[in-house]
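Participant: Note that the numbering used here numbers the sequence shown so that position 64 is 64, with each residue one more than the last. Dumping the structure here so I can ask a few things about it.
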Amino acid sequence: MIYKLRRRLIWISGLSVVLVFIIIYAGISVLSANRLNNMMDMLTDGISPSDGRFPIFNEKNPPPPSGFAPFITEETPFSTRFFTVRYDLSGRVIAADVEFIASVTDETAREYAEQAVRSGKERGWIEGYRYKISDTHRGRIVVFVDGTMNRSFTRTLLLVVGIVLLCSLALILVLIILFSKRGVKPIAESYEKQKQFITDVNHELKTPLTLILANLDIIEADIGKNEWVDDIRAEGKRMNALVKQLVMLTRMDEEKTEINVSAFSLSDAVNDTVSEFRTLAEERRKPIYADVRPGVTYTGDEAGIRRVISILLDNALKYCDEDGNISLSLSVKRHPVIRMENTFAEVDNIELDKLFDRFYRADKARTFTGCFGIGLSIAKAIVEKHHGEIRAYKTGQGRIGFRVALK
């Protein structure tokens with residue numbers, strides 16, 4: 001149990017850190033992309049109204065304030081690579097100006113302009129160029145600004161950030177693994193104390209209970225049948241059963257506990273267990289309807305699996321409504337699946353997620369002799385030892401069911 005708890009702590013902590021880092025990286029990526037687009041748009045906005053030329057900044061025409069566009073300076077017109085393509089009012093290309101760029105020919109410029117116009121977008125990217133389409137009284141002008149260097153810088157920045165985040169993630173995961181043992185130490189100590197307490201209780205009560213039951217036989221031999229003796233014997237046996245179940249549950253919780261694995265007929269195990277309960281079920285007018293697929297074999301702890309079926313049937317008999325019924329089925333999909341259902345009018349008041357908690361009772365208003373509320377906990381522990389899954393569900397028709405999937 002402690003190993004599972006530690007592993008869950010590592011998974012939850014690790015996934016939380018991964019999620020935070022993904023959000024951080026996504027945020028940096030979005031902000032970087034937006035900043036790049038805004039910067040390139042400012043350049044295209046500066047060229048478009050200037051008849052396809054970058055404005056020359058001087059004392060009479062200063063650059064924008066540094067707070068508005070800090071990257072646009074007096075040197076910007078001489079360092080910016082751009083080209084333009086003009087259309088007349090009829091939509092015919094009349095000129096392509098590639099004077100301020102060396103890597104684009106007149107023909108290539110016209111092809112890029114046609115792609116931009118066909119896209120139907122005012123702004124966008126084509127290859128490594130940011131474009132803007134502007135309509136004037138003389139026609140249309142498409143301005144392209146080379147953003148290759150800026151995009152390369154952004155990619156490099158994101159790559160560096162990604163590497164830093166991955167290294168940080170690896171370091172944090174190592175620290176989580178190293179400190180997780182210390183994190184579950186108080187729980188481990190508490191669990192060990194609980195196991196020791198149960199062991200001590202078993203040792204302290206086993207002998208007195210044995211003596212009480214033995215002395216009751218002697219008393220009954222002297223005075224004959226007596227209802228008080230019978231009550232004492234019933235409670236003694238009940239207490240003895242409780243102690244045994246607690247010890248079994250504690251052993252099942254231990255990760256190193258080994259189970260006796262062998263191949264056996266699961267169909268026979270289900271049928272045999274149903275037969276054991278059928279007479280009692282008929283006496284209580286709670287018939288059992290079984291639909292067991294024949295010939296199903298399984299490799300596992302036969303005694304443990306029979307105990308699971310017995311616990312589920314016993315639980316169904318205790319909580320099934322008067323004149324209700326119990327259904328049990330065994331089927332095979334990819335793995336054997338056992339389903340158990342019974343009528344239960346108070347099904348909507350059940351907390352399904354707590355049914356497998358120790359000492360939880362589905363209906364606190366009812367009392368049952370020999371019912372301690374740990375049977376389903378034992379069933380769950382046995383199923384999990386077989387790497388299977390057990391869950392409770394509601395059918396919506398006044399019935400509650402349990403599904404056991406064995407692997």
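Note that the Cβ used here is the ideal one computed from N, Cα and C, for glycine as well. Predicted model only: the values in this text are computed from it and were never measured.
Can the beta-carbon of R86 be found less than 8 Å from the beta-carbon of G128?
Facilitator: Numbered from its first residue, the sequence shown carries residue 86 at position 86. Numbered from its first residue, the sequence shown carries residue 128 at position 128. No, they are not a contact pair.
Participant: Identify the residues that DSSP records as bridge partners of A113: which are they?
Facilitator: Counting from one through the sequence shown, the residue named residue 113 turns up at place 113. For A113, which the question treats as bridged, DSSP gives no partner whatsoever.
Participant: Based on Cα-Cα distance, which residue from V117, F179, I101, I187 lies nearest to G147?
Facilitator: Within the sequence shown, numbered from 1, the residue matching residue 147 stands at position 147. G147 has its Cα closest to that of I101, out of V117, F179, I101, I187.
Participant: Would A241 be called buried (16 or more neighbouring beta carbons within 10 Å of its own) or exposed?
Facilitator: Here residue 241 is taken as the residue at index 241 of the sequence shown, counted from 1. Exposed, because fewer than 16 other Cβ atoms sit within 10 Å of the Cβ of A241.
Participant: Would you call the region 301-319 in contact with the region 269-284, where contact means no fewer than 3 C-beta pairs closer than 8 Å?
Facilitator: Output reads yes: the region 269-284 touches the region 301-319.
Participant: Determine the DSSP secondary structure at V337, reduced to helix, strand or coil.
Facilitator: Position 337 of the sequence shown, counted from the first residue, corresponds to residue 337. Note: V337 maps to strand in three-state DSSP.
Participant: For the beta strand (DSSP E) containing D97, name the first residue and the last one.
Facilitator: For the purposes of this step, residue 97 is taken as the residue at position 97 of the sequence shown. 93-97 is the span of the beta strand (DSSP E), which, as asked, contains D97.
Participant: When burial is assigned at 16 or more other CB atoms within 10 Å of the CB, is F277 buried or exposed?
Facilitator: On the sequence shown, residue 277 is found 277 positions in, with the first residue counted as 1. Buried, because 16 or more other Cβ atoms sit within 10 Å of the Cβ of F277.
Participant: Expressed to the nearest angstrom, what Euclidean distance is found between the alpha-carbon atoms of S32 and R8?
Facilitator: Against the sequence shown, residue 32 aligns to sequence position 32. Against the sequence shown, residue 8 aligns to sequence position 8. Going by the C-alpha atoms only, they are around 36 Å apart.
Participant: Quick one: grab the DSSP three-state call for K318.
Facilitator: One-based indexing of the sequence shown puts residue 318 at position 318. In this structure, K318 counts as helix in the three-state DSSP scheme.
Participant: Provide the residue(s) that pair with G236 in DSSP beta bridges, ordered along the chain.
Facilitator: The count along the sequence shown starts at 1 and reaches residue 236 at position 236. DSSP lists no partner for G236.
Participant: In or out: K417 buried (at least 16 other Cβ within 10 Å) or exposed?
Facilitator: For the chain, the structure presents residues 1 to 407; residue 417 sits outside this window and is missing.
Participant: Could you tell me the alpha carbon to alpha carbon distance between W228 and A281, rounded to whole angstroms?
Facilitator: Locating residue 228 in the sequence shown gives position 228, counting from the first residue. Locating residue 281 in the sequence shown gives position 281, counting from the first residue. Each residue's Cα considered, the two are about 28 Å apart.
Participant: Residues bridged to W125 by DSSP?
Facilitator: Along the sequence shown, one-based indexing puts residue 125 at 125. Bridge partners of W125: R130.
Participant: How about the region 344-352 and the region 389-401: do they share at least three Cβ pairs that are nearer than 8 Å?
Facilitator: Yes, since at least three Cβ pairs between the region 344-352 and the region 389-401 fall closer than 8 Å, the two stretches touch.
Participant: Does the region 232-239 come close enough to the region 207-220 to have 3 or more Cβ pairs within less than 8 Å?
Facilitator: Yes: the two stretches touch, three or more of their Cβ pairs being nearer than 8 Å.
Participant: For G183, write down the residues that DSSP places opposite it in a beta bridge.
Facilitator: By 1-based counting over the sequence shown, the position of residue 183 is 183. Looking at the DSSP assignment, G183 forms no beta bridge with any residue, so it has no partner.
Participant: Where does T297 land, buried or exposed, given buried means 16+ other C-beta within 10 angstroms?
Facilitator: On the sequence shown, position 297 is the one that residue 297 refers to. It counts as exposed.
Participant: Which partner residues of D291 appear in the DSSP bridge assignment?
Facilitator: Sequence index remark: in the sequence shown, residue 291 carries index 291 (1-based). For D291, which the question treats as bridged, DSSP gives the partners S329.
Participant: What does the alpha-carbon distance come out to for the pair P208 and V243?
Facilitator: As a first step, residue 208 must be located in the sequence shown, where it is residue number 208. As a first step, residue 243 must be located in the sequence shown, where it is residue number 243. Straight-line Cα distance between these residues: approximately 12 Å.
Participant: Applying the criterion that 16 or more other CB atoms from any shown protein chain within 10 Å of the CB defines a buried residue, is S377 buried or exposed?
Facilitator: For this step, residue 377 is matched to residue 377 along the sequence shown. The residue is buried, with at least 16 neighbouring Cβ atoms inside 10 Å.
Participant: Could you give the residue range of the beta strand (DSSP E) that holds I400?
Facilitator: Numbered from its first residue, the sequence shown carries residue 400 at position 400. Counting along the chain, the beta strand (DSSP E) containing I400 begins and ends at 399-405.
Participant: At which residues does the alpha helix (DSSP H) containing G224 begin and terminate?
Facilitator: Within the sequence shown, numbered from 1, the residue matching residue 224 stands at position 224. Here G224 belongs to no alpha helix (DSSP H), and DSSP marks it neither H nor E.
Participant: Report all residues from its chain with a CB closer than 8 Å to the CB of G124; omit the five preceding and five following residues, and keep chain order.
Facilitator: For the purposes of this step, residue 124 is taken as residue 124 along the sequence shown, with counting starting at 1. Answer for G124: A116, R130, Y131, listed in chain order.
Participant: So S265 is in the beta strand (DSSP E); what residue range does that whole segment cover?
Facilitator: By one-based count along the sequence shown, residue 265 stands at place 265. From DSSP, the beta strand (DSSP E) with S265 extends over 262-265.
Participant: Under 8 Å by Cβ, that's how I've got F144 and F82 pegged, so tell me the actual separation to the nearest angstrom.
Facilitator: By one-based count along the sequence shown, residue 144 stands at place 144. By one-based count along the sequence shown, residue 82 stands at place 82. Sure, about 6 Å apart at Cβ, within 8 Å.
Participant: Could you compute how far the alpha carbon of D291 sits from the alpha carbon of R339?
Facilitator: Stepping through the sequence shown from its first residue, residue 291 is reached at position 291. Stepping through the sequence shown from its first residue, residue 339 is reached at position 339. Approximately 10 Å between the Cα atoms of the pair.
Participant: If I measure Cβ to Cβ from R366 and keep anything under 6 Å in the same chain, skipping five residues before and after, which residues do I get?
Facilitator: For the purposes of this step, residue 366 is taken as residue 366 along the sequence shown, with counting starting at 1. Because the pLDDT at R366 is just 47, under 50, the model does not fix this residue reliably, and the value given afterwards should be weighed accordingly. Within the same chain, R366 has no close Cβ partners at all.
Participant: Taking all protein chains shown into account, decide if T44 is buried (16 or more other Cβ within 10 angstroms of its Cβ) or exposed.
Facilitator: What you label residue 44 is simply residue 44 of the sequence shown in a count that begins at 1. Answer is buried; the Cβ neighbour count reaches 16.
Participant: In three-state terms, what does DSSP make of D146?
Facilitator: As a first step, residue 146 must be located in the sequence shown, where it is residue number 146. Strand.
Participant: Less than 8 Å separating the beta-carbons of R284 and L317?
Facilitator: Looking up residue 284 in the sequence shown gives position 284. Looking up residue 317 in the sequence shown gives position 317. Yes. Within cutoff.
Participant: Nearest to P49 by alpha carbon, out of K121, V142, D88, R92?
Facilitator: Within the sequence shown, the letter at position 49 stands for residue 49. The candidate whose alpha carbon is nearest that of P49 is V142.
Participant: Would D353 be called buried (16 or more neighbouring beta carbons within 10 Å of its own) or exposed?
Facilitator: Here residue 353 is taken as the residue at index 353 of the sequence shown, counted from 1. Result: exposed.
Participant: If we ignore side chains and look at the alpha-carbon of each, how far apart do E341 and R403 end up?
Facilitator: Working through the sequence shown from its first residue, we reach residue 341 at position 341. Working through the sequence shown from its first residue, we reach residue 403 at position 403. About 9 Å.
Participant: Quick check on the burial criterion: 16 or more other C-beta atoms within 10 angstroms. Buried or exposed for V274?
Facilitator: The sequence position of residue 274 within the sequence shown is 274, counting from 1. That one is buried.
Participant: Whose C-alpha, out of S29, S90, G295, is nearest the C-alpha of L159?
Facilitator: Translated into the one-based positions of the sequence shown, residue 159 becomes position 159. When only C-alpha atoms are compared, the closest one is S29.
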